[in-house]
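Student: Per the working numbering: the sequence shown = residues 674 to 791.
Beta carbons are placed, not taken as given, at the ideal position from N, Cα and C, and that holds for glycine.
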Amino acid sequence: MGWKSKVALGTVGVVAVLAGVVVVRTATFKPPAPAGDVPLAAARPFDAAKAAAHLGEAVHFQTVSHQDVAENDLAQWDALHAWLQTTYPAAHKAMTREVVGGHALIYTWKGSDPSLPP
Numbered sequence: 674m675g676w677k678s679k680v681a682l683g684t685v686g687v688v689a690v691l692a693g694v695v696v697v698r699t700a701t702f703k704p705p706a707p708a709g710d711v712p713l714a715a716a717r718p719f720d721a722a723k724a725a726a727h728l729g730e731a732v733h734f735q736t737v738s739h740q741d742v743a744e745n746d747l748a749q750w751d752a753l754h755a756w757l758q759t760t761y762p763a764a765h766k767a768m769t770r771e772v773v774g775g776h777a778l779i780y781t782w783k784g785s786d787p788s789l790p791p
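1. Should the stretch 769-779 be regarded as contacting the stretch 739-756, the criterion being three or more beta carbon pairs within less than 8 angstroms?
2. Give me the Cα-Cα distance between Val772 and His739, rounded to the nearest whole angstrom.
3. Return the CA-CA distance between Val687 and Ser788, expressed in angstroms with no decimal places.
4. Assign Ala714 to one of three DSSP states: helix, strand, or coil.
5. Could you check the C-alpha separation between Arg770 and Gly693 for me, to the nearest Å?
6. For Trp750, count neighbouring C-beta atoms within 10 Å of its own C-beta (all shown protein chains included) and say buried if the count is 16 or more, exposed if not.
7. Should Thr760 and His733 be called a contact, given that it needs their Cβ atoms to be closer than 8 angstroms?
8. Does the beta-carbon distance from Met768 to Trp782 come in below 8 angstroms?
9. Can you give the Cα-Cα distance for Trp676 and Gly683, rounded to whole angstroms?
10. Under a three-way DSSP split, which group does Val773 fall into?
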């Protein structure tokens, strides 16, 4: 038996062993147990017309950013920020608000259990 035959026979043997492992693992596979019914929180009321009206008001602010910062209309950004605070007072009460870079907003909503991942 030449070396080519030995390599071919070894390759066939490795493939056969791998196929056997796949067959055994497939035969012994058990799908994970289905999770039990998770109770969901009651849906909060949603007023689609009010949300649409708020969106319509928000898009009227001309908050266009330009490469040259001098071209930005900062009064429009200030007006949008004030509008957000008056339109969504509950959100502003529940979250902390940071102004970054003069006009970018970051809202942080702290969870009730700090040991949990974000």
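Tutor: Put simply:
1. Result yes; three or more Cβ-Cβ pairs closer than 8 angstroms.
2. Looking at the backbone, the Cα of Val772 and that of His739 are separated by about 19 angstroms.
3. About 48 angstroms.
4. Looking at Ala714 - three-state DSSP - the assignment turns out to be coil, as it is neither helix nor strand.
5. Within the model, the alpha-carbon separation for Arg770 versus Gly693 is close to 60 angstroms.
6. Counting of Cβ neighbours within 10 angstroms places Trp750 among the buried residues, the total reaching 16 or more.
7. Annotated as distal: Thr760 and His733, with beta-carbon spacing of 8 angstroms or more.
8. The beta carbons of Met768 and Trp782 sit closer together than 8 angstroms.
9. One C-alpha to the other measures close to 10 angstroms.
10. Three-state result, Val773: strand.
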